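To start, the structure under review is shown below, and the notes come after it.
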Amino acid sequence: MKKVVLLGDSIRQIGYGTKVPSLLGPGYTVWQPEDNCRFVSYLLRGIFDWSGELEGADIIHWNSGEWDICNLFGDGPFTAENEYVSQCLRVANLLLARAKKVIFATTTPVRQGHPHNDNRLIERYNALIVPQLVSKGVLINDLFAVVKEDIDGNIRADDQIHLTEKGIVLCAEATVRAIHRAGQDL
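What the sequence shown shows, in the UniProt record's numbering, is residues 1 to 186, in sequence order.
Structure representation (structure tokens):
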């Protein structure tokens, strides 16, 4: 039995994380916090609180970014680029020390006109962190690319950021494929 841990913001919490456990099939157990992991720094702090649940994990899948790139006040993202990269690398190091395989899911796009999140900035933050995580041996689940294929069909119109049912299914299926690939040689 392979132990999988899912960490991430509401894209996981009310999105793909609701479907992954049932889609993984036999041979996998899944733990994920009920909490929204919010910013990467919040997730980093959570690793301490969830240490018991992370123990013995074979695969840890995580996403962070929507809260980090959010520009609520018009003066830039909540988390500066260098801090985002630094904190993601700290998370990666801690997760790599606790699991046989670690997967990072890229930050998903938002609908055009979202008042606080911008796809160009999401792409920039993804581009900054992905190569550095890959160099550490972290696997990548490119949920940005999955959702970008049909943003209007995959992202809800009411809040312009969370996944529709279609988007949830597509991201859950992509996450399951990433977990299965990671688990092949375990």
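For every residue, glycine included, the Cβ atom is placed at its ideal position computed from N, Cα and C. Since the structure is predicted, the reported quantities are computational estimates derived from the model, not experimental observations.
Residue span of the beta strand (DSSP E) that contains residue i, given as start and end
i: F73; result: Taken as a continuous stretch (DSSP letters only), F73 belongs to no beta strand (DSSP E), as it is neither H nor E.
i: K101; result: K101 to A105
i: I60; result: I59 to N63
Selected residue, minimal CA-CA separation from residue i, among the options
i: K166; options: L6, G8, K19 and S10; result: K19
i: N63; options: S41, L72 and F78; result: S41
i: A57; options: P33, T29 and Q184; result: T29
i: N154; options: I129, L94, Q112 and Y84; result: Q112
i: H61; options: G46, L95, A157 and S22; result: L95
i: V85; options: G15, L44, E55 and Y16; result: L44
i: I14; options: L186, D185 and C171; result: C171
N- and C-terminal bounds of the alpha helix (DSSP H) containing residue i
i: A174; result: E165 to G183
i: W67; result: E66 to I69
i: V85; result: E81 to L96
i: V20; result: V20 to L24
i: Y42; result: V40 to D49
i: Y28; result: Y28 -> not in any alpha helix (DSSP H); beta strand (DSSP E) instead, spanning Y28 to W31.
i: E123; result: N119 to S135
Between the CA atoms of residue j and residue i - distance to the nearest angstrom
i: S10; j: R177; result: 20 Å
i: E173; j: H162; result: 17 Å
i: T79; j: D68; result: 5 Å
i: H116; j: E149; result: 22 Å
i: A99; j: S51; result: 12 Å
i: A127; j: G183; result: 26 Å
i: S135; j: H180; result: 21 Å
i: I59; j: K3; result: 7 Å
i: Q87; j: P26; result: 34 Å
i: Q132; j: L89; result: 8 Å
i: G8; j: I168; result: 14 Å
Minimum Cβ-Cβ distance from residue i to chain C less than 9 Å
i: I103; result: In the structure shown, chain C does not exist; there is a single protein chain.
Reduced DSSP secondary structure (H/G/I, E/B, other) of residue i
i: L186; result: coil
i: N141; result: strand
i: residue 194; result: Since the first and last residues shown for the chain are 1 and 186, residue 194 lies out of range.
i: K148; result: helix
i: I11; result: helix
i: I161; result: coil
| Do the segment 98-113 and the segment 137-147 meet, that is, are 3 or more Cβ pairs less than 8 Å apart? | yes
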